[in-house]
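Student: Below is the structure I would like to discuss, written out as structure tokens.
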Amino acid sequence: MDTPNTYAKRPVKDLSMTSSMLSQELSQIRIAVISNSVSQRKQLKEALGNVGLNVVINEPLTPAFVRKLDSINLDVILLDLDEHSDYDNILDSLLDNHSTPIIFNDISVLTLNEPQVLARWYGKLLKKISASVGQNSIAEKTYADHYNQSSSQKLSISSEVTRAEDALAQNVWVLGASLGGPDAVKEFFKYLPSGLPVAFILTQHLGANFIALLAEQLNQVTDYNVLTPLAGHVVRHKEVIVMPVNERLTINPIGAIELTPIKQEQQYSPSINMVLSDMLIRYGKKTGTIIFSGMGDDGLKGCEQLHKKGAMVWTQSSDSCVISSMPENIKEKGFVSFTGNPKKLAEKLYDYLRDD
């Protein structure tokens, strides 16, 4: 597994510090966390903050970020790059015009469910940061220390990094939505208790340019880890995967996401019917669905398949929808076992999973 690779270093100073001096020194290190992944940025910011580092910028790699560097004083840039994005021009501008030390970072480790591996990785990252700012003694404060604290404390990485006891996703619920769906889904997650043994596949009819924004907005209202999908990511409970628009998402036998281009034009994109069918094949009766506000009949065929297999099909109540035709079409066919507003749906799911 790759460890963080330092692009530039400052001259190293040999300093000895007391604990209080160390904490003060850490708080003065100004870091930019740059990644196109909303969840990775959130995890890294919280993790670095837990050891006292000062994250002053937390955003994607964009021309706007590069322009900000002229007016913001930074000590280190922590930069996540993934193979699916084209950074060449922006990265060239960053490297050519700015001297702030850059630590390139492999984000794939953050999807692992191995606390000891994560602790070692974060410890190495902290050493890279300390070397970049010329404070080697800072490296003595590692994430391994945090993992040895009492079991009653939270893991220092993030409440959103899954703990060792978390299993691969076994209960998978598809949230289908169209017009009026984003607000309904946000309200649903607002009332849904954290920590339930379930993963969600959010299938929202939306333009491709708005998928990342939707994920970011949901991350602000829920403790569940909201992700845009990457091939190879292992799906676990307490995650929300936001369906891409132009790719088919399936989950292979070991629980990892596989993405394939959709070449044939679909009536709805992403297709709720397609997602329901694919998840039913993979998870059987452990698949469930909630169909929220929307126009049209997407999800009708998929819900019929789930109903025949004895899986749960729920819908948002008509009086709480912006447009109710999508859930009403499914309810009229007799496939639905529960209907309610977003709050009632959240409460029902809590009871259902608790008693399962």
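Start counting the sequence shown at 1; every next residue gets the next number (UniProt numbering). Here a beta-carbon is modelled for each residue, glycine too, at the ideal position from N, C-alpha and C.
#1: Quick one: using the 10 Å Cβ neighbour count with 16 as the cut-off for buried, is Q149 buried or exposed?
#2: Following the continuous beta strand (DSSP E) through L249, name the residue where it begins and the one where it ends.
#3: The alpha helix (DSSP H) spanning E258 covers which residue range?
#4: For L349, which residues of its own chain have a beta-carbon under 7 Å away from its beta-carbon, when the five flanking residues on both sides are left out?
#5: With H, G and I counted as helix, E and B as strand and the rest as coil, what does DSSP make of L196?
#6: Below 8 Å between beta carbons: does that hold for P342 and A199?
#7: Is it the case that the Cβ atoms of T289 and G181 are separated by a distance below 8 Å?
#8: Starting from E329 and walking both ways along the alpha helix (DSSP H), at which residues does that stretch end?
#9: By alpha-carbon positions, which one of Q43, V33, K331, Q40 ends up nearest to V56?
#10: Would you decide whether S320 is buried or exposed? Buried here means 16 or more other CB atoms lie within 10 Å of its CB.
#11: Inspect the CB distances between the stretch 51-66 and the stretch 222-238 and report whether three or more fall short of 8 Å.
#12: What does the alpha-carbon distance come out to for the pair L345 and I251?
#13: Please report how far the alpha carbon of A144 lies from the alpha carbon of D351, in whole angstroms.
#14: Return the CA-CA distance between P327 and V66, expressed in angstroms with no decimal places.
#15: Nearest to I241 by alpha carbon, out of V221, V174, L26?
Tutor: Let me lay it out:
#1: In the sequence shown, residue 149 corresponds to position 149, counting from 1. Caution is warranted here: a pLDDT of 41 is assigned to Q149, below 50, making its placement in the model unreliable, and the coordinate value is therefore given only provisionally. Result: exposed.
#2: The count along the sequence shown starts at 1 and reaches residue 249 at position 249. It spans 247-251 - the beta strand (DSSP E) in which L249 sits, taken as one unbroken run.
#3: As a first step, residue 258 must be located in the sequence shown, where it is residue number 258. That residue, E258, is in no alpha helix (DSSP H); its beta strand (DSSP E) goes 257-261.
#4: As a first step, residue 349 must be located in the sequence shown, where it is residue number 349. Counting only Cβ-Cβ distances below 7 Å, and skipping sequence neighbours, we find L192.
#5: Position 196 of the sequence shown, counted from the first residue, corresponds to residue 196. Three-state result, L196: coil.
#6: Reading the sequence shown from its first residue, position 342 is the one you call residue 342. Reading the sequence shown from its first residue, position 199 is the one you call residue 199. Not a contact, by the Cβ cut-off of 8 Å.
#7: Mapped onto the sequence shown, residue 289 falls at position 289. Mapped onto the sequence shown, residue 181 falls at position 181. In this structure, G181 does not lie closer than 8 Å to T289 by Cβ.
#8: On the sequence shown, residue 329 is found 329 positions in, with the first residue counted as 1. For the sequence presented, residue 329 should be read as Asn rather than Glu. Looking at the DSSP string, the run of the alpha helix (DSSP H) that includes N329 is 325-332.
#9: Numbered from 1 along the sequence shown, position 56 holds the residue referred to as residue 56. Nearest of Q43, V33, K331, Q40 to V56, Cα basis: V33.
#10: Along the sequence shown, read from residue 1 onward, the residue named residue 320 stands at position 320. It counts as buried.
#11: no
#12: Counting from 1 along the sequence shown, the entry for residue 345 is found at position 345. Counting from 1 along the sequence shown, the entry for residue 251 is found at position 251. One C-alpha to the other measures close to 26 Å.
#13: Taking the sequence shown and counting its residues from 1, the one referred to as residue 144 is at position 144. Taking the sequence shown and counting its residues from 1, the one referred to as residue 351 is at position 351. Low per-residue confidence applies at A144: pLDDT is 44, beneath 50, and the placement is therefore not dependable enough to give any value.
#14: As a first step, residue 327 is located in the sequence shown; it is residue number 327 there, counting from the start. As a first step, residue 66 is located in the sequence shown; it is residue number 66 there, counting from the start. Going by the C-alpha atoms only, they are around 45 Å apart.
#15: Against the sequence shown, residue 241 aligns to sequence position 241. The shortest C-alpha separation from I241 is found at V174.
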